[in-house]
Amino acid sequence: MSNCEAIWIGGSAGSLDVLLKVLPRLREDIDFAIVIVLHRKPGADILLTDLLSSRTNIPVKEIEEKDPVKPGVIYLAPSDYHLLVERDSTFSLDHSEKVNYSRPSIDVAFESAAEVYKEKLVGLLLSGANADGVNGLLKIKKMGGRVIIQHPDSAKVSYMPAQAGLYVDYDALLQIEEIADWINKL
Amino acid sequence: MSAEKKVFIFDDNEELLELCTLILEDFGCEIKTSMISDNPDVQVMEFGPDIIFMDNWLPNISGVEATKIIKANKEVSHIPVIYISANNNVEDLAREAGADDYLAKPFDISALEEMVKKYAL
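Going line by line, the protein sequences match chains R and V.
Per our numbering, the first sequence starts with residue 10, numbered consecutively.
Per our numbering, the second sequence starts with residue 1300, numbered consecutively.
What follows is the structure in structure tokens.
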């Protein structure tokens, strides 16, 4: 049985470029779910799903309320909702107040996933301009999961991964080209 | 696509502009984007696009007005303008603006590429 049930990826400004480089290099037979939570504005959701789909043979799906989390699928959090996962491994979308000026908030998503997946969760934080995600990564570590952070030197906007690097006892700090290899070994 | 086609996109949604740029670059196009509608005909003239995508909601001058300005300038009036909007009446807005066609938001990659194929090839 795999030691990883899910990778949750958080990102903000500058993270789309990273995903477009990482996704094509992922092995297609992943036996865990990949969940992407990006700070984004409403209005371009279909284009983003289409664009990510065009870079990988792994199915990419925008999350809908109550969707079950299945291995071998890349899930994309919709704009304007917080993303949570329930104990029965279904997604839940929440339209409550913004957290860290963001909805979806990466902290909210990571904290929820940490509670459910515990040591079988990997959290990955990418480029971005605010500190959303740091508390979520701390929670993932506290629950026994693993944390990887994009190296701030390789981030278009380094603040978010740099903050995470300061406060979180991470498992790996990776350059963009190292991220796919790290995930493929899971 | 043989020669690189030039696409100008007016929209105030930065994410949509970034995505459309990535998608259409994959499709072999050269892209210029603008989030402001001031002097739209001058902006267009400087780039010389084969096709223009015009969003309805822009600061200062609406998409309808910006399209009318482009269509009133004979230097650029021949360039096809595709009107884009999330409004239910996007077809009426496109007609009022004098646009050549319209695309209802949200649209997907194939709808975007079809418009470029139809008007810029």
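Where is the CB? At the ideal position from N, CA and C, for every residue including glycine.
Other residues of its chain near residue i: CB distance less than 6 angstroms, five sequence neighbours each side excluded
i, result
"V:P1339", "A1365, I1368, I1369"
"V:L1381", "Contrary to the premise, residue 1381 of chain V reads as Ile rather than Leu in this sequence. Excluding sequence neighbours, V:I1381 sits near F1352, D1400, L1402, M1414."
"V:V1389", "Y1401, A1403"
"V:E1374", "M1344"
"V:I1439", "Any question about residue 1439 of chain V goes unanswered here, given that chain V covers just 1300 to 1420."
"R:P77", "T99"
"V:Q1342", "S1333"
"R:G145", "I115, D116, F119, E120"
Beta bridge counterpart(s) of residue i as assigned by DSSP
i, result
"R:W17", "R:V44, R:G132"
"V:C1328", "V:K1304"
"R:L102", "R:L92"
"R:S167", "Bridge partners of R:S167: none, in fact."
"R:S111", "R:V108"
"R:Q172", "Answer by DSSP bridge pairing: none, since R:Q172 is not bridged."
"R:R155", "R:V131"
"R:A181", "R:I157"
"V:D1400", "V:I1381"
"V:L1318", "Partner(s): none; V:L1318 has no beta bridge."
"R:L85", "R:I45, R:E71"
"R:F119", "Per DSSP, none; premise fails for R:F119."
Same chain only: Cβ atoms within 8 angstroms of residue i, ignoring 5 sequence neighbours per side
i, result
"R:R36", "N193"
"R:M10", "Because R:M10 sits at a pLDDT of 48, beneath the cut-off of 50, its placement in the model cannot be relied upon, and the point is left open."
"R:K50", "S88"
"V:I1408", "I1322"
Whole-angstrom distance between residue j and residue i, CA atom to CA atom
i, j, result
"R:I18", "V:T1320", "23 angstroms"
"R:I158", "V:P1348", "41 angstroms"
"V:S1384", "R:I83", "29 angstroms"
"V:E1313", "R:L147", "31 angstroms"
"V:A1419", "R:D103", "42 angstroms"
"R:V166", "R:A53", "21 angstroms"
"R:E74", "R:V94", "10 angstroms"
"V:C1328", "R:R64", "18 angstroms"
"R:L61", "R:P113", "18 angstroms"
"R:I39", "V:E1395", "51 angstroms"
"V:M1300", "V:P1379", "Note on V:M1300: pLDDT 47, under 50, position unreliable in the model; the coordinate value appears next. Approximately 18 angstroms between the Cα atoms of the pair."
"R:S21", "R:S136", "6 angstroms"
"R:L57", "V:N1387", "22 angstroms"
"V:I1308", "R:V44", "31 angstroms"
"R:R155", "R:A15", "11 angstroms"
"R:G81", "R:I72", "14 angstroms"
"R:S2", "V:S1336", "In the structure as shown, chain R begins at 10 and stops at 195. Residue 2 of chain R is therefore absent and cannot be evaluated."
"R:D178", "R:E124", "18 angstroms"
"R:S121", "R:V131", "13 angstroms"
"R:K97", "R:A42", "The displayed chain sequence assigns Asp, not Lys, to residue 97 of chain R. In a straight line, the C-alpha of R:D97 is about 15 angstroms away from that of R:A42."
"V:L1411", "R:M152", "44 angstroms"
"R:L28", "V:S1361", "34 angstroms"
"R:A140", "V:D1311", "26 angstroms"
"R:I188", "V:P1358", "40 angstroms"
"R:K79", "V:G1397", "48 angstroms"
"R:S105", "V:K1304", "44 angstroms"
Own chain residues within Cβ distance below 7 angstroms of residue i, not counting five before or after
i, result
"R:G142", "G19, I115, D116, F119, L134, M169, A173"
"R:P161", "S167, P170, A171, G174"
"R:K30", "I185"
"R:L32", "L61, R64, T65"
"R:A181", "I157, W191"
Distance cut-off 7 angstroms: residue i Cβ against heavy atoms of the ligand ATP
i, result
"R:K150", "The ligand ATP is absent from the structure shown, which contains no ligands of any kind."
Discussion item. Give the list of continuous beta strand (DSSP E) stretches no shorter than 3 residues that lie fully inside the region 1325 to 1390 of chain V.
Written reply: Complete beta strand (DSSP E) runs here, min 3: 1328 to 1333, 1350 to 1354, 1380 to 1384.
Discussion item. Suppose only complete runs of 4+ residues qualify. What are the alpha helix (DSSP H) ranges in the region 41 to 83 of chain R, listed by chain order?
Written reply: Runs found: 54 to 62.
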